[in-house]
Amino acid sequence: MYICPLCNGFDTKRIICRNCQNELIDSGKVSDYYDDYSAYMEIDELKVENGHPDDWKNHICFHLFSCPTCGHDEIVSVQENE
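By the working numbering, the letter at position 20 of the sequence shown is numbered 20, and the numbering carries on one by one without gaps.
Structure follows, in structure tokens:
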């Protein structure tokens, strides 16, 4: 079973905002923002329907990083570990 090190608190990622050079905050999985119930759905089911054809096969988790200063958002791919 593959798990995301950011979702499970094993690791952090430091991303700098390209607009204001402040550190972005990990706002969680992108799939948690699809609708009101997506945070409660099976992760593998969401990966099949999210528009990224290879994330399930390549064990990628997409995270939303947000800048608390200027509001800039970035989607960052995170490699899941076995």
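Where is the CB? At the ideal position from N, CA and C, for every residue including glycine.
In this text, all values refer to a predicted model and were calculated from it rather than measured experimentally.
First through last residue of the beta strand (DSSP E) which encompasses residue i
i	result
residue 90	As displayed, the chain neither begins before 1 nor continues past 82, which places residue 90 out of reach and without an answer.
residue 16	Neither: residue 16 is in no beta strand (DSSP E) and is coded neither H nor E.
residue 25	25 to 29
Collapsed DSSP secondary structure at residue i in the structure displayed
i	result
residue 54	coil
Per DSSP, the bridge partner or partners of residue i
i	result
residue 73	66
residue 79	60
Residue i versus the options, residue with shortest Cα-Cα distance
i	options	result
residue 81	67, 68, 75, 57	57
residue 76	66, 62, 69, 67	62
residue 54	78, 65, 69, 68	78
residue 71	33, 12, 19	19
residue 5	67, 24, 66, 59	59
residue 31	68, 2, 24, 7	7
Whole-Å CB distance - residue i paired with residue j, under 8 Å assumed
i	j	result
residue 33	residue 64	7 Å
residue 25	residue 68	6 Å
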